Every structure is written in C-alpha cells, then in structure tokens.
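A.B. asks: Using my numbering, the letters of the sequence shown correspond one by one to residues 1147 to 1269.
Backbone N, C-alpha and C fix where the C-beta goes; we use that ideal spot for every residue, glycine too.
All of these numbers come straight from a predicted model, not from anything done at the bench.
Pasting a structure below so you can have a look.
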Amino acid sequence: MKKTAIVLILIIAGVFLAGCTSAGTTGQDTVQDTIRAHYGYDESWSFGLGCYGKVSGYAYNAGNTPVENVVLYFNLVNVQSGTIRDSRSVFIGALGAGQSSTFETVLDGECTQDYRVDGTIVK
C-alpha cells in the first residue's frame, strides 16, 4: 500500500512538472467575412491520451444571409520551433443569419513542449 501511494504521488508530480496542466489560452478570435469564431485552448493529461489539448468555442454568422459549408481549421503549433504538431478540422455546416454553433475538438501534444493554437475559417 505504501509503495502504491509513493508511485501515485510520483506520477502526479511528473504530470505537473511536465507542463501538461498549463492554463491554456482563452478568448482567441478568428474572422472570415461574416463568420466569426471564438475559442479557447486548455491542456490536460490522461492515461489513455497522454498530453492533449482541448479546443472549444463557438462559430457565429454575423451577416444577413445564410452561409453554407463552414469549416474551422485548428493547428497546434510548437511555440519554440514554429512547427505544427497536430491539426484538426471541425465541420460546422450551414449557419443562418445570426445563428451560432458550438464546437469542441482534441489536439495531440507532447508533455514537455509549449504550444499555441492557430484557428482559421473556410467557407
């Protein structure tokens, strides 16, 4: 029992020291014509996924006409090297005038690296 507790404490300490539990970023925006997307990025860790980042937010049509086939692209970029570690596309679909849609996706990272998320809109 004592050995199990020590191992568990070492694992928890390793996760915190590895940087997987950083605060992430909130309040990022991207705009393409009348479509706006607001999103935040949070890093986390799990036994199944290892270190990963969750991007969540909403897309909004600020225009007066509907827009078809809205897609958001997210790149997980290494801050030091500028290389893209992972990418995901999120299909939103049609957005009517004034309509919004929420989204969430997961990006795969490494525990010892610092990342930023770059988002773009394609319609």
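First and last residue of the beta strand (DSSP E) that includes CYS1197?
C.D. replies: 1196-1207
A.B. asks: With 16 as the cutoff for other CB atoms within 10 Å, does VAL1225 come out buried or exposed?
C.D. replies: exposed
A.B. asks: Look at the alpha carbon of ASP1254 and the alpha carbon of GLN1178, and state the distance between them as a whole number of angstroms.
C.D. replies: 26 angstroms
A.B. asks: So, is THR1258 buried or exposed, given that buried needs 16 or more other C-beta atoms within 10 angstroms?
C.D. replies: Answer is exposed; the Cβ neighbour count stays below 16.
A.B. asks: Since PHE1220 contacts GLY1265 with CB under 8 angstroms, what's their CB separation in whole angstroms?
C.D. replies: Rounded, the Cβ-Cβ distance is 5 angstroms, consistent with contact.
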